[in-house]
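**Student:** Positions 1 to 164 (the working numbering) are the ones given, in order, by the sequence shown.
Sending over a structure as structure tokens; questions will come in a sec.
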Amino acid sequence: MHEIAIDETLPKPELYRQLCEAADALTAGERDPIANMANIAALMWQYLPRINWAGFYRVDPAVDKGELVLGPFAGKPACIRIPFGQGVCGTAAAGGKTQLVEDVHAFPGHIACDAASNSEVVVPIFRDGTVIAVIDIDSPETGRFDAEDAAGVEALAARIATRI
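Dropping the structure here:
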């Protein structure tokens, strides 16, 4: 069992630095990608204030056209499959670019898995130049995420890419 004390007054870059270090420590030596994603989802849930969902969608290699399948997460039950190019997660996976969405209801083709979500950040995870998964974090607050959040989640994605 890991007890984590989080100082919510920390500047975001420091909060994400600590989150990355905690993810490194928690996944060190573990080869199972599902176990690692589960623990990292739990860490994001604990570390990040004012969120209502945090987790992973993995690329399903069995689907030729590109599709994400739900991975470990914390929050309400979620959509199980998302085609590449659809919604915020599918857009991030298809384009290989972070999606920072201030108001999900204004995002073309947004897939509403939880009606309470109002903003979202989705970051692709790469291995050998290919998207293998995305990190998805939602908030009930419009405009909850900013460039510092995007940079922090991108740093986390880079750190964990070989462990998931």
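Note that beta-carbon positions come from the ideal geometry of N, C-alpha and C, so glycine has one too.
From a predicted model like this one, the values you see are computed outputs, not experimental measurements.
1) Between the Cα of Thr162 and the Cα atoms of Val69, Thr27, Thr91, Arg17, which residue gives the shortest distance?
2) Would you check if there are 3 or more beta carbon pairs closer than 8 Å linking the region 45 to 60 to the region 127 to 138?
3) DSSP puts Phe73 in a beta bridge; with which residues?
4) Determine the direct distance from the alpha carbon of Val69 to that of Leu100, and round the result to whole angstroms.
5) If we count the other Cβ atoms within 10 Å of its Cβ and call it buried at 16 or more, is Val153 buried or exposed?
6) Would you kindly report the start and end of the unbroken alpha helix (DSSP H) that includes Ile80?
7) Using a Cβ-Cβ cutoff of less than 8 Å, which residues in the same chain neighbour Ala170 once the five nearest sequence positions on both sides are dropped?
8) The beta strand (DSSP E) with Thr130 in it runs from where to where?
9) In the DSSP assignment, find the unbroken beta strand (DSSP E) run with Pro124 in it and report its ends.
10) Within the chosen definition, does the region 56 to 66 reach the region 81 to 89 through at least 3 CB pairs nearer than 8 Å?
11) Write down the C-beta distance between Gly143 and Ser119 rounded to the nearest angstrom, noting that I regard them as a contact closer than 8 Å.
12) For Glu67, which residues does DSSP report across the bridge?
13) Confirm, please, whether the CB-CB distance from Phe73 to Val134 is below 9 Å.
14) Pull up the distance between the alpha-carbon of Gly75 and that of Asp128, whole angstroms please.
**Tutor:** The short version:
1) Residue mapping note: residue 162 aligns to position 162 of the sequence shown, counting from 1. Selected option, being the one with the closest Cα: Thr27.
2) yes
3) Indexing the sequence shown from 1 puts residue 73 at position 73. Paired residues: Gly55.
4) Reading the sequence shown from its first residue, position 100 is the one you call residue 100. Reading the sequence shown from its first residue, position 69 is the one you call residue 69. Distance between the alpha carbons of Leu100 and Val69: 21 Å.
5) Numbered from 1 along the sequence shown, position 153 holds the residue referred to as residue 153. Val153 is buried by the Cβ-count criterion.
6) Walking along the sequence shown from the start, residue 80 turns up at place 80. Run containing Ile80: none; DSSP gives neither H nor E here.
7) The question about residue 170 has no answer here: the residues shown for the chain are numbered 1 through 164.
8) Position 130 of the sequence shown, counted from the start, is the residue given in the question as residue 130. From DSSP, the beta strand (DSSP E) with Thr130 extends over 130 to 139.
9) Start at 1 with the first residue of the sequence shown, and residue 124 comes out as number 124. Pro124 -> beta strand (DSSP E) spans 119 to 127.
10) yes
11) In the sequence shown, counting from the first residue as 1, residue 143 sits at position 143. In the sequence shown, counting from the first residue as 1, residue 119 sits at position 119. Between Ser119 and Gly143 the Cβ distance is about 6 Å, and since that is below 8 Å, they are a contact.
12) Start at 1 with the first residue of the sequence shown, and residue 67 comes out as number 67. DSSP lists Pro83 as partners of Glu67.
13) What you label residue 134 is simply residue 134 of the sequence shown in a count that begins at 1. What you label residue 73 is simply residue 73 of the sequence shown in a count that begins at 1. For Val134 and Phe73, no; Cβs fall outside 9 Å.
14) In the sequence shown, the residue the question calls residue 75 occupies position 75. In the sequence shown, the residue the question calls residue 128 occupies position 128. The straight-line gap from Cα to Cα measures roughly 30 Å.
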